[in-house]
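Q: Below is the structure I would like to discuss, written out as structure tokens.
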Amino acid sequence: MSLKSTVIVRYGEITLKGPFVRSRMEHMLVEHIRFRLAQCGFSDADVVLERGRIFVYVDKGVSDAARCLTKVFGVVSVSPSIEIDNDIDVIKDVAVRVALAVSKERGAKSFAIRARRVESYPITSKDIEKIVGQVVKEATGLRVDLVSSDLEVFVEVRERCAYIYTEVLKGPGGLPYGVEGRCIALFSGGVDSTVAMWMAAKRGCEVIPVHMVAKPFYSDKAFERAINVLKAFREWIPRKEFKAVFVTNYGELLKRIVDSVRKRLVCLACKRLMLLIALRLVRELGAKAIVTGESLGQVASQTLDNMHVISRGIEVPIFRPLIGFDKEEIASLARSLGFEKTMVNMPQCAALPEFPETHANANALDIYREFLEKLSQEAVWEVVDIK
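Using the UniProt record's numbering, read the sequence shown as starting at 1 and increasing by one per residue.
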């Protein structure tokens, strides 16, 4: 009896694309899976694309390999499994062995069999569940519970083989990283900009983070946090290089805003300058859009009126993935993604006025237009490869 340690990789909306686009995305996803496996120490894994599924064969550590792949954009879910012959007697035997081992490990008292099979297989899914369920019940003494069992044993029968598994680990879903083109992401290192960048990446954007080094208005800790968060984000990038841009003289530019702009408009002018610098980078780095972490109504600069003011004349799309999220929803998503480093408290920006404008007139920044354009042209940056 042939037993192979296999990770079943499932993907979703890629299958809805036309034949050419689907093939391109599938092969890109396979390459990203190979890259991620190599990062996790599975460079010898065999990756096979087969009719709406991807199968990863490893000699050992199948559970670790499966968990590794939950950080690949485009992957809906993965399961560490055993590939076997699709003979029903083999399926029964392996299902019993798996149920015995896992029920002991989990202290399970009840179980359920969940079966799927290709149409050509002579036994229906329901009958597979009954046949396998009977032998598992006799061998383990567990009771059957189809609603809320302690242990689910999945049986997936395909044309040439079958798979037995007990876990379905959720992936990020979405599209393969970079398939939609490049975006410039305004990145502070905080929770909002990090999650927004992740959500853009999930939709197939290659993201280039841009961090404004705003000393002396922010402390060195803000820069350190940004670096630490980017290193954590690096795990999601299925490429050899992950470049970030640091605008090194932004603190000087912000000081000139503070000295020249009406106090209530400092935050708006600051955010407008960030967008103008991002627009320069869009042109220079061949990007197609700007991503920000703004969430409607969350802070002074993020009212609808203010977003309208700062966005006027920006000739590329500005993506705001968090627009409908509240603060707790954003924080919860950040925690689930492993971005706890974004939640380190930072002192407030020293340039923040006591009474910032919350509902600016559409023309509020018009008198500063040339001034802000000139500042944006004076921005100096450094491109860093995040390891």
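No residue lacks a Cβ here, since even glycine has one placed at the ideal position from N, Cα and C.
Just to confirm before moving on: does the CB-CB distance between L285 and R158 stay below 8 Å?
A: Translated into the one-based positions of the sequence shown, residue 285 becomes position 285. Translated into the one-based positions of the sequence shown, residue 158 becomes position 158. No, Cβ-Cβ distance for L285 and R158 is not below 8 Å.
Q: Counting only the same chain and skipping the five closest in sequence on each side, list residues whose C-beta sits under 8 Å from that of I330.
A: Numbered from 1 along the sequence shown, position 330 holds the residue referred to as residue 330. Closer than 8 Å at Cβ, skipping near neighbours: V191, D192, V195, S295 and L322.
Q: Return the chain-ordered list of same chain residues with a C-beta closer than 7 Å to the C-beta of P176, the five sequence neighbours on each side being excluded.
A: For the purposes of this step, residue 176 is taken as residue 176 along the sequence shown, with counting starting at 1. Correct list, in chain order: M25, M28, L29, H32, F73, G74 and G204.
Q: Need the endpoints of the alpha helix (DSSP H) that M199 sits in, please.
A: In the sequence shown, residue 199 corresponds to position 199, counting from 1. Run containing M199: V191 to K202, per the alpha helix (DSSP H) assignment.
Q: At which residues does the alpha helix (DSSP H) containing C68 begin and terminate?
A: The residue labelled residue 68 in the question sits at position 68 within the sequence shown. Where C68 is concerned, the enclosing alpha helix (DSSP H) stretches over V62 to C68.
Q: Do three or more CB pairs link the stretch 56-72 to the stretch 133-144 at distances below 8 Å?
A: No: fewer than three Cβ pairs fall under 8 Å.
Q: Which residue's Cα is closest to the Cα of D220: K374, P347 and D385?
A: In the sequence shown, counting from the first residue as 1, residue 220 sits at position 220. Here the closest residue by C-alpha is P347.
Q: State the DSSP-derived secondary structure class of D181, mapped to helix, strand or coil.
A: Taking the sequence shown and counting its residues from 1, one reaches residue 181 at position 181. Correcting the residue type first, residue 181 is Gly in the shown sequence and not Asp. Looking at G181 - three-state DSSP - the assignment turns out to be strand.
Q: When you compare each of N345, T292, G293 and L273 to E370 by their alpha carbons, which one comes out closest?
A: Taking the first residue of the sequence shown as position 1, residue 370 is located at position 370. Answer by Cα proximity: L273.
Q: With C-beta atoms as the reference, is V96 less than 8 Å away from I84?
A: As a first step, residue 96 must be located in the sequence shown, where it is residue number 96. As a first step, residue 84 must be located in the sequence shown, where it is residue number 84. Against a cut-off of 8 Å, the Cβ pair of I84 and V96 comes out as no contact.
Q: Hey, which unbroken runs of the alpha helix (DSSP H) at 4 residues or more fall wholly within the stretch 285-354?
A: Segments of the alpha helix (DSSP H) lying fully in the stretch 285-354: 304-311 and 327-336.
Q: In whole angstroms, what is the alpha-carbon distance linking L49 and D64?
A: Taking the first residue of the sequence shown as 1, we reach residue 49 at position 49. Taking the first residue of the sequence shown as 1, we reach residue 64 at position 64. Their Cα atoms are separated by approximately 20 Å.
Q: What ranges does the beta strand (DSSP E) occupy inside the stretch 19-94, keeping only unbroken runs of at least 3 residues that lie completely in it?
A: The stretch 19-94 contains these whole beta strand (DSSP E) runs: 46-50, 53-57 and 75-84.
Q: Can the beta-carbon of I82 be found less than 8 Å from the beta-carbon of T6?
A: Within the sequence shown, residue 82 is the residue found at index 82, counting from 1. Within the sequence shown, residue 6 is the residue found at index 6, counting from 1. Contact: yes.
Q: Keeping to the same chain, check which residues put their C-beta closer than 8 Å to that of P353; ignore five residues upstream and five downstream.
A: Working through the sequence shown from its first residue, we reach residue 353 at position 353. The residues are K263, R264, V266 and C267.
Q: Is the beta carbon of F246 less than 8 Å from the beta carbon of C349?
A: Translated into the one-based positions of the sequence shown, residue 246 becomes position 246. Translated into the one-based positions of the sequence shown, residue 349 becomes position 349. Cβ atoms of F246 and C349: not closer than 8 Å.
Q: Can you list, in chain order, the residues of its chain whose CB lies under 6 Å from that of R160, leaving out five sequence neighbours each side?
A: Along the sequence shown, read from residue 1 onward, the residue named residue 160 stands at position 160. Hits under 6 Å: none found.
Q: Within 10 Å of its beta-carbon, does I290 have 16 or more other beta-carbons around it, so buried, or fewer, so exposed?
A: Sequence index remark: in the sequence shown, residue 290 carries index 290 (1-based). It counts as buried.
Q: Can you tell me where the alpha helix (DSSP H) with E373 in it begins and where it stops?
A: Locating residue 373 in the sequence shown gives position 373, where the first residue counts as 1. First-last of the alpha helix (DSSP H) with E373: R369 to Q377.
Q: Whose CA, out of R117, T358, F111 and F20, lies closest to the CA of I310?
A: One-based indexing of the sequence shown puts residue 310 at position 310. The shortest C-alpha separation from I310 is found at T358.
Q: In whole angstroms, what is the alpha-carbon distance linking V299 and A66?
A: Taking the first residue of the sequence shown as 1, we reach residue 299 at position 299. Taking the first residue of the sequence shown as 1, we reach residue 66 at position 66. Each residue's Cα considered, the two are about 40 Å apart.
Q: Name the residue from F187, E206 and T15 whose alpha carbon lies nearest to the alpha carbon of I227.
A: Locating residue 227 in the sequence shown gives position 227, counting from the first residue. Minimum Cα distance to I227 is reached at F187.
Q: Answer with buried or exposed for F355, where buried requires no fewer than 16 other C-beta atoms within 10 angstroms of its C-beta.
A: Your numbering for residue 355 matches position 355 in the sequence shown. Exposed is the call here.
Q: Quick one: what's got a C-beta closer than 6 Å to L37's C-beta in the same chain, skipping five residues either side?
A: Position 37 of the sequence shown holds residue 37. Around L37: A45.
Q: Tell me which residues share the same chain as A200 and place their Cβ nearer than 7 Å to its Cβ, disregarding the 5 neighbours each side in the sequence.
A: Taking the first residue of the sequence shown as 1, we reach residue 200 at position 200. Contacts found: C183, A185, V207, V291, F319 and P321.
Q: So for V102, helix, strand or coil by DSSP?
A: Walking along the sequence shown from the start, residue 102 turns up at place 102. Here V102 sits in helix by DSSP.
Q: Can you look up D127 in the DSSP assignment and give me helix, strand or coil?
A: Locating residue 127 in the sequence shown gives position 127, counting from the first residue. DSSP places D127 in helix when its eight states are reduced to three.
Q: Near V383, what residues of its chain come up, given a Cβ to Cβ distance below 6 Å and the 5 sequence neighbours on each side ignored?
A: Reading the sequence shown from its first residue, position 383 is the one you call residue 383. Answer for V383: K243 and V245, listed in chain order.
Q: Evaluate P122 with the Cβ neighbour count: other Cβ atoms within 10 Å of its Cβ, from every protein chain shown; 16 or more gives buried, anything less gives exposed.
A: Taking the sequence shown and counting its residues from 1, the one referred to as residue 122 is at position 122. With fewer than 16 other Cβ atoms within 10 Å, it is exposed.
Q: Give me the Cβ distance between G171 and V76, rounded to the nearest whole Å; I'm assuming they're in contact under 8 Å.
A: What you label residue 171 is simply residue 171 of the sequence shown in a count that begins at 1. What you label residue 76 is simply residue 76 of the sequence shown in a count that begins at 1. Between V76 and G171 the Cβ distance is about 6 Å, and since that is below 8 Å, they are a contact.
Q: For R276 versus L372, is the C-beta spacing smaller than 8 Å?
A: As a working mapping, residue 276 is identified with position 276 in the sequence shown. As a working mapping, residue 372 is identified with position 372 in the sequence shown. Note on residue identity: the sequence assigns Leu, not Arg, to residue 276. Contact flag set, yes.
Q: Out of K387, V261 and L3, state which residue places its alpha-carbon closest to the alpha-carbon of R234.
A: On the sequence shown, residue 234 is found 234 positions in, with the first residue counted as 1. When only C-alpha atoms are compared, the closest one is K387.
Q: Since W236 contacts K71 with CB under 8 Å, what's their CB separation in whole angstroms?
A: The count along the sequence shown starts at 1 and reaches residue 236 at position 236. The count along the sequence shown starts at 1 and reaches residue 71 at position 71. Confirmed, Cβ separation roughly 6 Å.
Q: Give me the Cα-Cα distance between V98 and G52, rounded to the nearest whole angstrom.
A: On the sequence shown, residue 98 is found 98 positions in, with the first residue counted as 1. On the sequence shown, residue 52 is found 52 positions in, with the first residue counted as 1. Distance between the alpha carbons of V98 and G52: 26 Å.
Q: Here's a check: name, in chain order, each residue in its chain whose Cβ is nearer than 8 Å to the Cβ of V380, leaving out the five neighbours to either side.
A: Here residue 380 is taken as the residue at index 380 of the sequence shown, counted from 1. So the list reads V247, T248 and N249, once near-sequence residues are dropped.
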